[in-house]
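Just so you know, the sequences run in chain order Y and L. In this text, residue positions in the first sequence follow the numbering used here: the first is 970, and each later residue adds one. In this text, residue positions in the second sequence follow the numbering used here: the first is 56, and each later residue adds one. The structure appears below as structure tokens.
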Amino acid sequence: MSKKQLTTCYVRFDRNLCTGYGSCLRVCPTKAIRLKNKKAVRIVEQCIGCGACIRACRQGAISAATEGPRMLEKDHVAIALVSPVLYAQFPGVMPKDVLLGLRRMGFAHTIDMSYFLEIFQCATEEFITRNRKSRAAPWPLISPVCPVVVRLIAFRFPSLLPNVLPVLRPVALMAREVKSRLITEYTNKGKDVVLYYINPCPTKRDPVCLPARRRPVPMEIALGINDIYPELAKHVDQIQAADDIPFYQTRFEYETCATGNASMWAMSGGEIADMDIDKSLAVSGMQETISYLEKIEMGLFQDIEYIEFRTCREGCLGGVLTVIDKYLAKAAVQKMIKRFGLGRRLDRQNILRMYEKGEFQSDKKLTKLTSLFGASREALTIEAVQKIDKIMDLITGIDCTACGSPDCRTFAEDVVRGNAALKECLFVDTHSKKKS
Amino acid sequence: MLAILRGLTDNDNPPFINTLPARTRATSDDFKLMPLLKKCFNIKSRDFIRAGEATINVQNILKSMDYDSRLIRRVAICGYEGEMNVVMHGGDGSLCVEVDTDWLILEVSDDGPGIEDIELAMKAGYSTANDDYREMGFGAGMGLPNIKKNSDRLHIESGKGQGTVVRMFFFMPEGGKTP
Chain Y
970 MSKKQLTTCY
980 VRFDRNLCTG
990 YGSCLRVCPT
1000 KAIRLKNKKA
1010 VRIVEQCIGC
1020 GACIRACRQG
1030 AISAATEGPR
1040 MLEKDHVAIA
1050 LVSPVLYAQF
1060 PGVMPKDVLL
1070 GLRRMGFAHT
1080 IDMSYFLEIF
1090 QCATEEFITR
1100 NRKSRAAPWP
1110 LISPVCPVVV
1120 RLIAFRFPSL
1130 LPNVLPVLRP
1140 VALMAREVKS
1150 RLITEYTNKG
1160 KDVVLYYINP
1170 CPTKRDPVCL
1180 PARRRPVPME
1190 IALGINDIYP
1200 ELAKHVDQIQ
1210 AADDIPFYQT
1220 RFEYETCATG
1230 NASMWAMSGG
1240 EIADMDIDKS
1250 LAVSGMQETI
1260 SYLEKIEMGL
1270 FQDIEYIEFR
1280 TCREGCLGGV
1290 LTVIDKYLAK
1300 AAVQKMIKRF
1310 GLGRRLDRQN
1320 ILRMYEKGEF
1330 QSDKKLTKLT
1340 SLFGASREAL
1350 TIEAVQKIDK
1360 IMDLITGIDC
1370 TACGSPDCRT
1380 FAEDVVRGNA
1390 ALKECLFVDT
1400 HSKKKS
Chain L
56 MLAILRGLTD
66 NDNPPFINTL
76 PARTRATSDD
86 FKLMPLLKKC
96 FNIKSRDFIR
106 AGEATINVQN
116 ILKSMDYDSR
126 LIRRVAICGY
136 EGEMNVVMHG
146 GDGSLCVEVD
156 TDWLILEVSD
166 DGPGIEDIEL
176 AMKAGYSTAN
186 DDYREMGFGA
196 GMGLPNIKKN
206 SDRLHIESGK
216 GQGTVVRMFF
226 FMPEGGKTP
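Structure follows, in structure tokens:
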């Protein structure tokens, strides 16, 4: 296997640290990892960026494809797009102090998400209210906020793609706003701008893996919370210790503000908690998400209007790139909600006017989503399935993973596709002799 | 092959036959329509926790063959409803799928008490489920009507004390992806 295949758009493998223990094989929800020569090798196209393998690896051989803060030293204007999960990493610290800490780290602008989360909430409520009459989309609608869930649906549950809510994700709204306001200003002055997404999970695609012509302009780089935490914590401590903090003037309202509503989004259930929807559910955890999607595909839950899925336990707080424990973080968020209270600040009429213009409509075509994965996985013919069944009879079916595949069926599929040899199975000889 | 099956569906037979004895009934074997792939999965009676697993297995096979996703959705709904019928009312049974390039048959069979009056069972809202099942959220009497709605053709063979065989036919929609 070439070196190139050791990284995906979301995750990097360190060959030297990998001991071939294979704990990453079983946890991968798309069965994208194989062991070759006792080193983990990933099938690049099937990775959906959930980060389950990062969590499972005991050797720390797998890491997210994010950049370290050293990128900040370069000569450009850095804009930080901050996920509300970041505030939960500092219990007892006000969000504005965290944002100030980020600016002291060297970010020229820090964009808080609460403004855009509120727009998303409003647009979602409006879509659902209209859908009650028109039934343009089938119930239950599935939240598009967690990108891993959308990729999982495109990969494993393509028939559920029409259920995904066709409203732009809050992050997309935020990026669009920043691009149209801030960045044009800087590019007019002839300065380079880089957008940094401060994320709790490895879902942001590494721009290096895209072909050069499709790379976003300006540059978009993902930063894990754990990448910036040590330095940020230092600044936050200084700010906390200082007697009085100079008032920091920012140009736009969304550069400093944070609300209870927004901080709640870090938790599972935070998305639906303040929405005006009759019947909604919040599901978190990869196994739970998969089993719920299976049930939806079988026609259940049609009386529910909106389901919020998060593939990490307890929501984004449980993301693999966070620093403090998810239950501590949850307690911090709950404290913050108590302090700020719930409530919205934006003018609903304004948002509805923008909704009428179709500004929040997601333009992602369903076919485009399926083609993301369609090319990578060639369909099996009926003869191939018959062959797989024959191979399954030859091998034991105890899913020992000694061959380097996550389970016996995947191994049989690999054999039929020509990616593995039958003799790689330890049991194939003894078992077939016993049978005859 | 499909033409023969389509011909079978277009005649004036009622959508379900229970008056004829089993041997004279037209089955896929009589038309030499041996499917290219046939797989069966067991269903255990009263096992509510694992109910749906047979359907998920069928779905996974169809998905690995890149069957049309609209068809998979319909198969999934029908399979689950059929499976729940077995789990609630029937004895132990099985869910079989016969797959060909442009059609597939789903067959749910069990050796339970059988259906006395199929026409009545087909009515929306009619259910023989007891209060325990209703408390669990089942027994709305929508199982068989739902299957009828989502399958292209439906055969039910049953009688009191004879067990039940529900056979559902699905045809590839126009322009659908075939394996």
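Every residue gets a Cβ at the ideal spot worked out from N, C-alpha and C, and that includes glycine. From a predicted model like this one, the values you see are computed outputs, not experimental measurements.
Distance between residue j and residue i (C-alpha atoms, nearest Å)
i: Y/V1384; j: Y/I1097; result: 46 Å
i: Y/S1331; j: Y/L1121; result: 18 Å
i: L/G218; j: L/H144; result: 10 Å
i: Y/L1250; j: Y/A1141; result: 23 Å
i: L/G192; j: L/A184; result: 11 Å
i: Y/Y1187; j: Y/A1181; result: Going by the sequence as given, residue 1187 of chain Y is Pro instead of Tyr. Roughly 13 Å between the two C-alpha positions.
i: L/G180; j: Y/V1354; result: 39 Å
i: L/G194; j: Y/M1267; result: 16 Å
i: L/A106; j: Y/R1174; result: 38 Å
i: Y/S1232; j: Y/V1302; result: 6 Å
i: Y/L986; j: Y/G1029; result: 7 Å
i: L/F86; j: L/I211; result: Bear in mind that the predicted position of L/F86 carries a pLDDT of just 47, short of 50, making it unreliable; the figure below should be weighed with that in mind. Going from the Cα of L/F86 to the Cα of L/I211 covers about 19 Å.
i: Y/L1395; j: Y/A1009; result: 19 Å
i: Y/V1177; j: Y/G1373; result: 28 Å
i: Y/L1110; j: Y/G1284; result: 18 Å
i: Y/R1313; j: Y/V1117; result: 28 Å
i: Y/V1252; j: Y/N1195; result: 25 Å
i: L/K215; j: L/P168; result: 6 Å
i: Y/W1234; j: Y/V1054; result: 8 Å
i: L/D172; j: Y/S1083; result: 59 Å
i: Y/A1105; j: Y/I1360; result: 45 Å
i: L/I127; j: Y/S1128; result: 7 Å
i: Y/S1103; j: L/N201; result: 22 Å
Residue i classed as buried or exposed, judged by whether at least 16 other C-beta atoms fall within 10 angstroms
i: Y/Q1090; result: buried
i: Y/N1319; result: exposed
i: Y/F1085; result: buried
i: Y/G1310; result: exposed
i: Y/R1027; result: exposed
i: Y/T1172; result: buried
i: Y/P1375; result: buried
i: Y/P1169; result: buried
i: Y/L1050; result: buried
i: Y/S1149; result: exposed
i: Y/P1113; result: buried
i: Y/Q1271; result: exposed
i: Y/Y1296; result: exposed
i: L/Q114; result: buried
i: L/P70; result: Residue placement at L/P70 is flagged as unreliable, the pLDDT there being 43, under the threshold of 50; a coordinate-derived value is accordingly withheld.
i: L/L57; result: Model confidence at L/L57 stands at a pLDDT of 46, short of 50, so the residue's coordinates are unreliable and nothing is read from them.
i: Y/N1388; result: exposed
i: L/T79; result: For L/T79, the pLDDT reaches just 43, beneath the cut-off of 50, and the residue's location in the model is therefore unreliable, although a value from the coordinates is still provided. Under this definition L/T79 is an exposed residue.
i: Y/A1057; result: buried
i: Y/T1408; result: Residue numbering for chain Y in the displayed model covers 970 to 1405; residue 1408 of chain Y lies beyond these limits and cannot be assessed.
Nearest-angstrom beta carbon gap, residue j and residue i [assumed within contact, 8 Å]
i: Y/Y1166; j: Y/L1192; result: 7 Å
i: L/D45; j: L/L209; result: Residue numbering for chain L in the displayed model covers 56 to 234; residue 45 of chain L lies beyond these limits and cannot be assessed.
i: Y/H1078; j: Y/L1151; result: 6 Å
i: Y/C1022; j: Y/I1031; result: 5 Å
i: Y/N1230; j: Y/D1243; result: 6 Å
i: Y/F1059; j: Y/V1205; result: 6 Å
i: Y/E1325; j: Y/I1357; result: The pair is not a contact, with the Cβ atoms about 52 Å apart (cut-off 8 Å).
i: Y/I1080; j: Y/I1048; result: 7 Å
i: L/V220; j: L/S164; result: 4 Å
i: Y/T1291; j: Y/M1255; result: Actually they are not in contact, since the Cβ atoms of Y/T1291 and Y/M1255 sit about 16 Å apart, beyond 8 Å.
Closer than 7 Å at the beta carbon, the chain L residues around residue i
i: Y/I1128; result: According to the sequence displayed, residue 1128 of chain Y carries Ser and not Ile. Chain L residues near Y/S1128: S124, R125, I127, R128.
Partners in chain Y for residue i, counting only beta-carbon separations shorter than 7 Å
i: L/S182; result: Going along chain Y, no residue has its Cβ under 7 Å from L/S182, so there is no contact; the nearest lies around 17 Å.
i: L/Y188; result: In chain order: nothing, as chain Y lies at least about 15 Å away.
i: L/D121; result: A1348
i: L/I132; result: M1267, G1268
i: L/L199; result: The premise fails here: L/L199 is roughly 14 Å from chain Y at the closest Cβ pair, so nothing lies under 7 Å.
Within chain Y, partners of residue i - CB distance below 9 Å
i: L/L175; result: Ordered by position in chain Y, no residue passes the 9 Å Cβ test against L/L175, which lies about 23 Å from the chain.
Any chain C beta carbon closer than 7 Å to residue i
i: Y/C1016; result: Here chain C cannot be found, since the structure's protein chains are Y and L.
Practice problem: With 8 Å as the C-beta to C-beta threshold (strictly closer), list the residues of the stretch 1261-1274 of chain Y near chain L in chain order. | Solution: For the stretch 1261-1274 of chain Y, the beta-carbon criterion of a distance under 8 Å to any beta-carbon of chain L is satisfied by E1263, K1264, E1266, M1267, G1268, L1269.
Practice problem: Determine which residues of the stretch 1345-1375 of chain Y have a Cβ less than 9 Å from any Cβ of chain L, and write them out in chain order. | Solution: Within the stretch 1345-1375 of chain Y, the residues whose Cβ lies closer than 9 Å to some Cβ of chain L are R1346, E1347, A1348, L1349, T1350, I1351, E1352, A1353, V1354, Q1355, I1357, D1358, listed in chain order.
Quiz item: the stretch 102-119 of chain L: which residues have C-beta closer than 8 Å to a C-beta of chain Y, in chain order?
Solution: Within the stretch 102-119 of chain L, the residues whose Cβ lies closer than 8 Å to some Cβ of chain Y are G107, T110, I111, Q114, I116, K118, S119, listed in chain order.
Self-check item: Residues within the stretch 145-166 of chain L neighbouring chain Y, beta-carbon criterion of under 9 Å
Solution: Of all residues in the stretch 145-166 of chain L, those with a C-beta nearer than 9 Å to a C-beta of chain Y are V154, D155, T156, reading in chain order.
Quiz item: Got a sec: which bits of the stretch 201-220 of chain L sit with their beta carbon under 9 Å from any beta carbon on chain Y, in order along the chain?
Solution: The residues in question are N201, N205.
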